[in-house]
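A.B. asks: Quick one: structure below, then a few questions.
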Amino acid sequence: MSLNKSLLASRIDHRVRWITQKIRRPATAVAGGYHSGNLGDMALAYSAKGQVAKRIHAGGRIGIQTIYNLPDWPRAKKVVVGGGALLGSNAIKSLKEYTNNQPMNVGIIGVDFSKGDIDEEDVDFLKGVSFLSFRSEFSLEAAQNKYSLNNARLSPDIVFARDETIFASVAKFAPAPKALAINITPGLGRDHSRTKAEDRRLYSNYIRWVRAVTAEYLQAGYSVESIPFTHADERAARENLSDLPIKHNPYTHNVITVLSRIQRCDTFICSRYHALIFGCLLEKKIIPFCYARKNYALCEKYLHLPSNGFRELEQSSEPEKTALTLEPSILQELRILVHREFDDLYNALFS
């Protein structure tokens with residue numbers, strides 16, 4: 001599939017969801033950055049929907065909706081905001097309008113703040129929601145210390161629920177021996193203290209590191225393929241690795257398709273946040289590169305993995321190339337934690 005066709009498929013999927021819900025209005029909305037252009041966001045959508053569906057049983061239809069234009073979607077009685085770095089003033093105002101300023105009809109789980117401050121009215125709305133949790137300590141600290149949101153708590157990313165609606169079919173794909181998968185991003189963590197020239201230098205060093213690791217595996221007889229999590233990831237892989245004998249997969253918003261691609265490999269260079277989570281959940285040997293601050297928080301707080309990424313490049317250090325394997329007990333603990341969070345959300349919002 002060409003990049004243009006891939007973009008069109010994402011837009012069609014988004015539009016079909018809206019039309020379907022116009023015809024059959026949902027009782028519960030699962031809202032987030034679910035525009036089909038980011039695979040990680042779609043994994044959040046289906047994880048949240050699957051976990052809510054397990055608990056409300058015959059409680060009516062559940063619709064996946066996009067928070068950025070939420071008031072344009074068919075109105076549901078309850079809203080679950082499921083994951084992502086999206087909690088900013090615009091998103092909160094969309095929730096206020098959608099619910100007619102009824103925060104008790106909203107549950108928010110496993111999110112991060114987006115850029116910019118929120119105002120006093122936004123804070124008041126968040127104080128009234130039925131459930132509020134953040135996936136990183138830096139967002140939780142801002143919630144509690146900057147905005148006095150004493151109802152806020154910490155929760156792992158909701159994809160750690162390993163929801164069966166997206167993971168059940170993956171087991172039938174057998175991993176190939178000596179197969180490497182690569183996920184690279186078109187940029188690194190934004191830092192306004194860096195100049196554009198410094199950004200370009202860091203990114204160039206990142207690509208040099210990816211190419212060096214890839215070359216080592218190619219020389220060892222591995223097959224290699226790139227797995228994009230956004231349209232821009234696909235473009236970055238094709239532009240920066242075009243001279244290497246690797247397979248370039250097209251971007252797709254189909255979560256199961258991407259999971260099956262990762263399942264077929266035995267080692268995974270993962271830059272995106274949810275690429276790292278998928279690699280861990282599928283128990284792959286992973287070579288993580290933290291492209292953003294949230295990845296460092298994920299490694300340090302939840303996965304207990306050594307730091308490896310753009311900060312090392314900033315310090316003129318060479319990032320590690322060693323493949324790591326996560327302890328299964330860590331994954332089991334995270335899964336239990338996320339399921340408990342959804343239990344608490346259900347009791348607060350639906351009981």
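When the count follows full-length UniProt numbering, it moves up by one through the sequence shown with no breaks and lands on 351 for the last residue. Ideal Cβ placement from N, Cα and C applies to all residues, glycine included. Since the model is a prediction, treat every value here as computed from it, not as a measurement.
(1) What separation, rounded to the nearest whole angstrom, lies between the Cα atoms of HIS14 and SER317?
(2) Any heavy atom of the ligand ADP closer than 8 Å to the Cβ of TYR296?
(3) Excluding the 5 residues preceding and the 5 following LYS285 in the sequence, name in chain order all residues of the same chain whose CB lies nearer than 8 Å to its CB.
(4) Go through the region 184-233 residue by residue and report every complete run of the beta strand (DSSP E) that reaches 3 residues or more, in order.
(5) For the beta strand (DSSP E) containing PHE134, list its first residue and its last residue.
(6) In the DSSP assignment, what are the bridge partners of PRO245?
(7) Taking the alpha-carbon of GLY110 as reference, which of TYR346, LEU349, PHE342, ASN347 has the nearest alpha-carbon?
(8) In this structure, does DSSP put ALA176 in helix, strand or coil?
(9) Please name the residue, chosen from TYR34, GLU239, VAL81, that lies closest to LEU345 on a Cα-to-Cα basis.
(10) Are the beta-carbon atoms belonging to VAL129 and ILE277 less than 9 Å from one another?
(11) In three-state terms, what does DSSP make of THR20?
(12) Could you name each continuous beta strand (DSSP E) segment of 3 residues or more that falls completely within the region 109-153, going from the start of the chain to the end?
(13) Is the beta carbon of LEU281 closer than 9 Å to that of LEU313?
(14) Which of the three DSSP states, helix, strand or coil, is assigned to residue 394?
(15) Quick check on the DSSP output: the alpha helix (DSSP H) that includes ALA348 runs from which residue to which?
(16) So within the region 49-112, which uninterrupted beta strand (DSSP E) runs reach at least 3 residues, ignoring any that extend past its ends?
(17) Compare the C-alpha of LYS78 against each of GLY60, LYS93, ASN90 and name the closest.
(18) With a Cβ-Cβ cutoff of 9 Å, do GLY88 and PHE113 count as a contact?
(19) Pairs of beta-carbons, one from the region 233-246 and one from the region 285-294, closer than 8 Å: are there three or more?
(20) Cutting at 7 Å between CB atoms, please list the residues of its own chain near TRP18, excluding the five before and the five after it.
(21) Quick check on DSSP: helix, strand or coil for CYS280?
(22) Report yes if the C-beta distance between ALA220 and ILE184 is below 9 Å; otherwise report no.
C.D. replies: In short:
(1) 42 Å
(2) Among the ligands in the structure shown, none appear at all, so the ligand ADP cannot be discussed.
(3) ASP266, THR267, PHE268, ALA323, LEU324, THR325
(4) 223-226
(5) 131-134
(6) None; PRO245 has no bridge partner.
(7) PHE342
(8) coil
(9) VAL81
(10) no
(11) helix
(12) 131-134
(13) no
(14) Summary: the structure shown does not reach residue 394, with the chain confined to residues 1 through 351, and so no result is reported for it.
(15) 328-349
(16) 62-66, 78-87
(17) GLY60
(18) yes
(19) no
(20) TRP73
(21) helix
(22) no
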